[in-house]
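>
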Amino acid sequence: ILLEETQRDDGVAHLFVEAAAVTSNLPVRPYCPVTGLPGLYREPKSGVSYATNQALEQIRERLPPWMTLTGAAAYNDVVKSFQQKEEKESNEVVEKVVS
């Protein structure tokens, strides 16, 4: 529905926009945070759902941001890992040039 249609005089669009969804009694389906697929398995230490073995490896390597105290801590870890990788690559280039 377009926002302009909520201004109509007949009120049909207005009722449609304000309609509440019915709550479900079904449990929430867990999804894998790495792949976005349904999480068929659960990592025993953190309880995070995962879909594939590769996703499990990534979850074990680095916990998702919501599992840490703040998302900023996880972001800083990612930035540090990229910086360390760049330093390592630049050191390898220097070693190749020197030798």
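Numbering (this note's numbering), first residue to last: 15 to 113. C-beta atoms are modelled at their ideal positions from N, C-alpha and C, and glycine is treated no differently.
1. Please name the residue in Glu-109, Lys-94, Pro-47 whose C-alpha comes closest to that of Gln-68.
2. Apart from the five residues just before and just after Leu-51, which ones in its own chain have a Cβ nearer than 6 Å to its Cβ?
3. Quick one: what does DSSP say Arg-74 is sitting in, helix, strand or coil?
4. Going by DSSP in three states, Ser-63 sits in which element: helix, strand or coil?
5. Rounded to the nearest angstrom, what separates Thr-49 and Glu-71 at their Cα positions?
6. Rounded C-beta distance between Arg-74 and Glu-57? I'm assuming under 8 Å.
According to the structure data:
1. The sequence position of residue 68 within the sequence shown is 54, counting from 1. Checked all of Glu-109, Lys-94, Pro-47; the closest Cα to Gln-68 is Pro-47.
2. To locate residue 51, count along the sequence shown from 1; it is residue 37. Excluding residues within five positions, the ones whose Cβ falls inside 6 Å are Ala-65.
3. For this step, residue 74 is matched to residue 60 along the sequence shown. Helix at Arg-74.
4. The residue labelled residue 63 in the question sits at position 49 within the sequence shown. Of the three classes helix, strand and coil, the one that applies to Ser-63 here is strand, per DSSP.
5. Counted from its first residue, the sequence shown places residue 49 at position 35. Counted from its first residue, the sequence shown places residue 71 at position 57. When rounded, the distance between both Cα atoms is 12 Å.
6. For the purposes of this step, residue 74 is taken as the residue at position 60 of the sequence shown. For the purposes of this step, residue 57 is taken as the residue at position 43 of the sequence shown. Right, the Cβ-Cβ distance comes to about 7 Å (below 8 Å), so this counts as a contact.
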